[in-house]
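If you count by my numbering, then the sequence shown holds residues 1 to 122, one letter each, in order.
From the three backbone atoms N, C-alpha and C, an ideal C-beta is built for every residue, glycine too.
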Amino acid sequence: MMDFDARRHRDDAEQGQLVPLYVLVNGRTTPRNASLDLATQVVALPADTTVLEPEYREILWQCRQWMSIAEISAYLQRPLTVVKVLVDILLEQDYVALGSAAQRTVYDRALLETLLGGLQRL
């Protein structure tokens, strides 16, 4: 019969997790940026991610579009506290930006003109 530690190690290896999470976050238990909460919106910035651990790259892949920290946690199936620390580290290294989806630049001028015309008709 396989003991608990051997089974956990095998499961982690099968999932591709080779580095324990506490090593990835340098032992941090809370983010340095106190404003991070589960509703904080995160978006990935253009950067070379080849030097990052897979957990960080997965967060950046999920954040190609604005996404809340709670959503990232759910998609990655990681505890919210760990995801907040991982996002905080990515923020410190300029891999992500914080804000809201409403802050995105709208590039579709025709959509804006249609919206303006509709508002003027009111």
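Beta bridge pairing from DSSP links G99 with Q41. Assigned with DSSP and collapsed to three states, S35 falls in coil, not helix or strand. Remark: three or more beta-carbon pairs, one from each stretch, lie closer than 8 Å, so the region 39–55 and the region 90–97 are flagged as touching. Residue pairing by DSSP places S68 opposite Q41 in a beta bridge. With contacts defined as CB atoms closer than 9 Å, A70 and L90 fail to qualify as a contacting pair. Separation of the CB atoms of L86 and I59 is rounded to 6 Å, and the pair is thereby assigned contact status at 8 Å. Per DSSP, reduced to three states, the secondary structure at A110 is helical. Ranked by Cα distance from L36, the options L119, T114, L115, D88 are led by D88.
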